[in-house]
Amino acid sequence: MERKLPEYLKLDSSGEEDRITVTLLKGVKVDGEARKSLTLREPSVGDNIAARDMANKDNAMSEVVLIANLAEVPAEAIQAAKMRDYSRLQEALDFLNG
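For the sequence shown, our numbering begins at -5 and goes up steadily by one.
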């Protein structure tokens, strides 16, 4: 049975890798531009390893770096996100991780 996603998560399975667009409540700033949504691509094993290495094995920072890399935004943008928005990003990552 396929998992039902909440309305703020939109799955796109049309390409070689799945993507989820996350609608944010407060949004984040990326290069001075307000963003009300971010799209995460499906992570690879290498993405997980690279994020862990970049975060010096810190689990919380590793997740921030991974989400930022998948969304192609700076880690600082994810760190500045409000917790309700971050929870939505975590939910999208959890879905993409299977």
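We put the beta carbon where it would ideally sit given N, CA and C, even for glycine.
Whole angstroms are fine: how far does the CA of residue j sit from the CA of residue i?
{"i": "D52", "j": "V58", "result": "10 Å"}
{"i": "G26", "j": "L19", "result": "18 Å"}
Beta carbon of residue i, beta carbon of residue j: below 9 Å?
{"i": "P37", "j": "L5", "result": "no"}
{"i": "R82", "j": "L3", "result": "yes"}
{"i": "L(-1)", "j": "R13", "result": "no"}
{"i": "V22", "j": "A69", "result": "no"}
Any idea what DSSP makes of residue i, helix, strand or coil?
{"i": "R35", "result": "strand"}
{"i": "E10", "result": "coil"}
{"i": "R78", "result": "helix"}
Rank the options by C-alpha distance to the C-alpha of residue i and give the top, closest one.
{"i": "I43", "options": "A28, V67, L60 and A54", "result": "L60"}
{"i": "D41", "options": "A54, L64, R29 and S31", "result": "L64"}
*At which residue ranges does the region 35 to 69 contain complete alpha helix (DSSP H) runs of 4 or more residues, listed in the order of the chain?*
Listed in chain order, the complete alpha helix (DSSP H) runs (minimum 4 residues) inside the region 35 to 69 are 39 to 48 and 53 to 65.
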